[in-house]
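Residue numbers (this note's numbering): 4 to 470.
A virtual CB, placed ideally from N, CA and C, is assigned to each residue, including glycine.
Beneath this line is the structure, given in C-alpha cells, with notes to follow.
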Amino acid sequence: MQRSTSPISDGTTSGWLLELELTGVARGRQAEQLADLLRRAVRTGRLPAGTRLPASRTLAGDLAVSRGVVVRAYEQLAAEGYLSPRLGSGTVVADVPGAPAAPVRHHHRPPTNPGLPSGGTFPRAAWARCAGRAFSRLTDADFGYGDPAGWPPLREELSRYLGRVRAVLAPPERIVVVNGFGQSTRLVADVLRQGDTHRIAVEDPGSIGMRQQFERAGVRCVGVPVDADGIRVDALDAAGVRAVVVTPAHQFPTGVVASAERRHALLDWARRTGSVVVEDDYDAEYRYDRTPVGALQGLGPDVVVYGGSVSKTLAPGLRLGWLVTPEHLAETFTEAKYSADLARGVLDQATMAEFLASGEMDRHIRRMAAEYRRRRDRLVDAVATAFPGWTVSGSAAGLHLLLHPPTEDTEALSAVAQECGLDARPLSRYSIEPGCPPGLVVGYGHQRPDTIAAGVMQLHRRLTARR
Ligand SMILES: Cc1ncc(COP(=O)(O)O)c(C=O)c1O
C-alpha cells in the first residue's frame, strides 16, 4: 500500500491533514480506515468544528487512493454526524458534542504606550502610490534573499534623510534596516553580550518595554536618574557600566530635551571609558516651539549607535526602523541582524525608499506636526481651564506630555482619567527608584482634539463630584 505525505494545496485544511496516512490496509478497507482517522481527528479536537476539508478529489490525490474511497469515508462520517456536506462550500467538520473546542488562540496583547501616533491620519493613498511604484521597479534579483543590512537603495535614501533632518552622519554602509527600535534593542543586547558586556545603563524614569527587552536578552538594566538636562552623566561613573541607552531628543517619559552641555559630557564619558552610547532618537521629528535639535550621533559618530524608526512619524504597525553604527561595528550589527531573521522584507523597504525619495515623508511630517501641535495645545488649554493648580512639564514636542497633579495617588487618578477616555498613566510606573514626583504621562497623538478636551472636562466633573 502506498503512503503519502505530500501537501494538499487547494486552500482548505491541507495543513491539518498532512498527518493522515493510510498504511498497510487492504484496498477494500481504505474508506473505513480513512473514516476512522478522520473520526479520531474530530473527537480529539485536531479537526475542530467548522474546519473545511479538502475536496474529495484533492484528498484522494494526496493519499494516492481512488476518489471513491474519500467519498465513502466522507459519506459515512456525515451519516454519523461528524461532517456536514455544504452545497457549494465543500465538507465541513460538524459541531460534535463532547469534542474539544478549537484550541484557544492566545493573542498576545499588543503593547500600548502613550507615544502612539494617530492611526486615522496614516497617509494611505501616498503609501499605496509609493508601494505601487516601488513594486513595479523591483528587479527579479530583489525577490531573492536580500542584503541583511537592508535594501541598498533604502539605505541610500535613509542616509540622505537622516543627514538632512537629524544631522546624523550616516553613510549607507553603516546603516542596518531593522523592525523598529524594538529589534534594535535586541541587536544591541546581542552585540553587547558578544563583547562580554552584560549590563547597560538606562534612564530612570524610562521605557518599561525597552528594559524588558534588554533583560530578556540577558543584559541587566541599571537605572540612572534624569534631571532637567537629561541623563545624569556624573551618575554613570558610579553605575560602572560600559553602555548606556538614552532618548536625548525627547526623553521618555519626562519630555526633557538633553542640553548641549550634557550631550558633550555624555560623549566625553563614552570616549574616556571606552563605552558605547545607544541613542534612541525617540519623538525626534516633532518639535512645536522650535526646530528640532540634531541627533547626538552627529557629535559622536565614533561612540554612538543611533536608532530610529517610523513608529512615531508614520505607524508602529509598519515595524520599520534603522540603526546607524560606528564604523567598526557595522559588520557586527549586520551579522546580528542576519542571525535574527536574515533580513527585512523588501516590499516595505522599497516603499519606504520611494516615500522618502518622493518627498511624501517630509509632507507627512509637516502635516502631522501641525496636527499634533493642535492636539497638544488643546490638552494644555483644557487642563489649564479645568485644573489651574496642575502644571505641565517637558518640551513642546512629540506625542505625550507630563502633568503634575497635586496628589500622591496617581494610580487612582490615572484610573479615573482612563475611564474618562484619556490616555494617562502614572509616572511612577516608569520609574526604577521609588520616590519620583507625582506625575501623569498623557498621550495625545492618537486622540482627536475634541475627544481630549471632552476627556479633561469629564475628569474635572468626576473629581469635583467626589469632593
Ligand atoms: C522609548 C521608546 N523608544 C522607541 C520606541 C519605538 O519602538 P519601535 O520602533 O520598536 O516601535 C518606543 C515605542 O513606543 C519607545 O517607547
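(message) So, under 8 Å CB-CB, Gly-185 and Gln-216 are touching, yes? Tell me the CB distance rounded to an integer number of Å.
(response) 6 Å
(request) Please decide whether Gly-48 counts as near chain B, where near means a Cβ-Cβ distance under 9 Å. (result) Structure shown: chain B not included; a single protein chain is present.
(message) If you measure between the beta carbons of Leu-41 and Ala-76, is that distance less than 9 Å?
(response) Yes.
(message) Let me check you understand the geometry: is the CB of Ser-262 closer than 8 Å to at least one non-hydrogen atom of ligand 1?
(response) No, the Cβ of Ser-262 stays beyond 8 Å of every heavy atom of ligand 1.
(message) Quick check: does the Cβ of Gln-186 come within less than 8 Å of any heavy atom belonging to ligand 1?
(response) yes
(message) Could you give the first and the last residue of the continuous alpha helix (DSSP H) run that contains Tyr-471?
(response) Coverage of the chain is limited to positions 4 through 470, which leaves residue 471 absent and any answer about it impossible.
(message) Taking 8 Å as the cut-off, is the beta-carbon of Gly-118 closer than that to any non-hydrogen atom of ligand 1?
(response) Relative to ligand 1, the nearest heavy atom lies less than 8 Å away from the CB of Gly-118.
(request) Please say whether Val-459 and Ala-389 have beta carbons closer to each other than 9 Å? (result) Judged by their CB atoms, Ala-389 and Val-459 are nearer to each other than the 9 Å cut-off.
(message) Taking 7 Å as the limit between beta carbons, can you name the residues of its chain near Gly-209, skipping five residues before and five after?
(response) A distance below 7 Å between beta-carbons, with the five flanking residues on each side excluded, links Gly-209 to the following residues of its chain, in chain order: Phe-255 and Tyr-433.
(message) Which same chain residues end up closer than 6 Å to Gly-303 when comparing Cβ atoms and leaving out the 5 residues on each side of it in sequence?
(response) Leu-270
(request) Indicate whether Cys-133 and Met-355 have their beta-carbon atoms separated by less than 9 Å. (result) yes
(request) Assign Val-3 to one of three DSSP states: helix, strand, or coil. (result) The chain is shown from 4 up to 470; residue 3 falls before or after that span and cannot be answered.
(request) Following the continuous beta strand (DSSP E) through Cys-224, name the residue where it begins and the one where it ends. (result) 223-230
(message) For a quick check, are the C-beta atoms of Thr-250 and Asp-199 less than 9 Å apart?
(response) no
(request) Compare the Cα-Cα distances from Val-307 to each of Arg-169, Glu-282 and Leu-443 and report the closest residue. (result) That would be Glu-282, whose Cα lies nearest to the Cα of Val-307.
(request) Report the residue from Ile-455, Asn-182, Ser-92 and Gly-101 whose alpha carbon sits nearest the alpha carbon of Gly-348. (result) Asn-182
(request) Out of Pro-155, Arg-46, Pro-57 and Val-95, state which residue places its alpha-carbon closest to the alpha-carbon of Leu-350. (result) Pro-155
(message) How far does the beta strand (DSSP E) with Ala-246 in it extend, from its first residue to its last?
(response) 246-249
(request) Flag this pair as touching only if the segment 146-163 and the segment 285-296 have three or more C-beta atom pairs under 8 Å; answer yes or no. (result) no
(message) Measuring straight from C-alpha to C-alpha, what distance separates Arg-60 and Gly-135?
(response) 38 Å
(message) Could you compute how far the alpha carbon of Asp-426 sits from the alpha carbon of Leu-406?
(response) 12 Å
(request) Just the C-alpha distance for Ile-455 and Gln-421, rounded to the nearest angstrom, thanks. (result) Approximately 11 Å between the Cα atoms of the pair.
(request) Go through the segment 142-181 residue by residue and report every complete run of the alpha helix (DSSP H) that reaches 4 residues or more, in order. (result) 155-169
(request) Tell whether a beta-carbon distance below 9 Å holds between Ser-398 and Val-259. (result) Contact annotation: Ser-398 and Val-259 have beta-carbon atoms nearer than 9 Å.
(request) Check whether the Cβ of Thr-283 lies closer than 8 Å to any heavy atom of ligand 1, and answer yes or no. (result) Note that residue 283 corresponds to Asp in the displayed sequence, not to Thr. Asp-283 Cβ: within cutoff of ligand 1.
(message) Between the alpha carbons of Ala-29 and Pro-51, how many angstroms are there, rounded?
(response) Cα-Cα distance, rounded: 29 Å.
(request) Going by CA-CA distance only, name the one from Val-73, Leu-62 and Gly-324 that's closest to Arg-189. (result) The residue among Val-73, Leu-62 and Gly-324 with its C-alpha nearest the C-alpha of Arg-189 is Gly-324.
(request) Please go through the same chain and pick out, in chain order, the residues whose beta-carbon is closer than 6 Å to the beta-carbon of Leu-165, but skip the five residues on each side of it. (result) Val-171 and Ala-173
(message) I'd like the ranges of any alpha helix (DSSP H) spanning at least 4 consecutive residues and lying wholly in the segment 324-376.
(response) 333-344 and 349-360
(request) Return the bridge partner residues of Pro-208 from the DSSP annotation. (result) Paired residues: none, contrary to the question.
(request) Report the rounded CA-to-CA distance for Phe-336 versus Thr-124, giving the unit in angstroms. (result) Going from the Cα of Phe-336 to the Cα of Thr-124 covers about 34 Å.
(message) Please classify Ala-246 as buried or exposed, where buried requires at least 16 neighbouring CB atoms within 10 angstroms.
(response) buried
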